[in-house]
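In what follows, a single structure is set out as structure tokens and then discussed.
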Amino acid sequence: MTDAQQKECLAVLLKADIFSAAGEMELASVLLDFSELRSFKKDEIIYSPQNPEKCIGVLIKGEARVTKDYVTMSVLHPGQQFGTVVLYHKTDYFVNTILAKTDCKVLFVKKEGVDRLLAHNRRFAVAYISYLSKRIYFLNEKIEAYTAPNAESKLLHYLKSVCDANGVVSGISITELSRQINVSRASLYRALDTLSASGKLRHDGKKIILL
-14 MTDAQQKECL AVLLKADIFS AAGEMELASV LLDFSELRSF KKDEIIYSPQ
36 NPEKCIGVLI KGEARVTKDY VTMSVLHPGQ QFGTVVLYHK TDYFVNTILA
86 KTDCKVLFVK KEGVDRLLAH NRRFAVAYIS YLSKRIYFLN EKIEAYTAPN
136 AESKLLHYLK SVCDANGVVS GISITELSRQ INVSRASLYR ALDTLSASGK
186 LRHDGKKIIL L
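All residue numbers for the sequence shown refer to the numbering used here, where the first residue is -14 and numbers rise by one.
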């Protein structure tokens, strides 16, 4: 990794959910000894159950989709990570597939690097536990989305889980959206009209904005 790449990664890690709890010197050491920066083209598989390596991936640039059986579970933005929940699980495979939604740069931090941070930095350990707790709530929201009583509720739950920081979901077609929340296209159109009329979202082609 070049000095410029290391600076780029360090800048993102210092704002990331878990790694921001570690010190700059510690992160620089982990970058040097236990990490690798890789680039991916749009629609390329970043990580999948076929990857045997135990690591945490941190999105440095671009956007990526977390999918399970072709259903998009969430969308990752710079500073967000994957692999955290299963890093210390006894299974030797990853449960989801990460796909590049745009051209991406991803930093892969090896388990040994995370081991070092957990052993020597209490703030990092607390941040790691806090993140795992948040994931439990996230998964509960997913369950609520799939068991919601109507198309409007399913749609809102799903959009909240995949929107960006500005509440925008872009680049998704009606066909894909209906498949993601498991409702018919007709029901989806009605749900969009109802939610638009109530002022909860604005729909413009392949862009949906939560209000």
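Where is the CB? At the ideal position from N, CA and C, for every residue including glycine.
Candidates the options: closest to residue i by CA position
{"i": "Tyr116", "options": "Lys(-8), Asp2, Ile31 and Leu(-5)", "result": "Asp2"}
{"i": "Lys39", "options": "Val70, Ala112, Cys89 and Lys27", "result": "Val70"}
{"i": "Ile193", "options": "Glu161, Cys148, Thr160 and Ser163", "result": "Cys148"}
{"i": "His188", "options": "Val94, Leu144 and Phe93", "result": "Leu144"}
Rounded separation between residue i and residue j - CA only
{"i": "Leu12", "j": "Asn151", "result": "29 Å"}
{"i": "Arg109", "j": "Ala182", "result": "First, the residue type needs correcting, since residue 109 is Phe and not Arg in the sequence shown. Cα to Cα, Phe109 sits roughly 45 Å from Ala182."}
{"i": "Arg101", "j": "Tyr73", "result": "14 Å"}
{"i": "Tyr32", "j": "Leu196", "result": "33 Å"}
{"i": "Lys27", "j": "Leu84", "result": "8 Å"}
{"i": "Gln65", "j": "Asn167", "result": "27 Å"}
Local Cβ density within 10 Å of residue i, reported as buried at 16 or more and exposed below that
{"i": "Phe79", "result": "buried"}
{"i": "Ala171", "result": "exposed"}
{"i": "Phe25", "result": "buried"}
{"i": "Arg120", "result": "exposed"}
{"i": "Phe123", "result": "exposed"}
{"i": "Glu29", "result": "exposed"}
{"i": "Ala(-4)", "result": "exposed"}
{"i": "Gln35", "result": "exposed"}
Residue i (DSSP reduced to helix, strand or coil)
{"i": "Leu140", "result": "helix"}
{"i": "Cys89", "result": "strand"}
{"i": "Glu161", "result": "helix"}
{"i": "Ser5", "result": "helix"}
{"i": "Glu78", "result": "The displayed chain sequence assigns Tyr, not Glu, to residue 78. The answer is coil: DSSP assigns Tyr78 none of H, G, I, E or B."}
{"i": "Glu29", "result": "coil"}
{"i": "Gly98", "result": "helix"}
{"i": "Ala150", "result": "coil"}
{"i": "Met(-14)", "result": "coil"}
{"i": "Leu72", "result": "coil"}
C-beta atoms of residue i and residue j nearer than 9 Å
{"i": "Leu173", "j": "Leu141", "result": "no"}
{"i": "Thr82", "j": "Gly47", "result": "no"}
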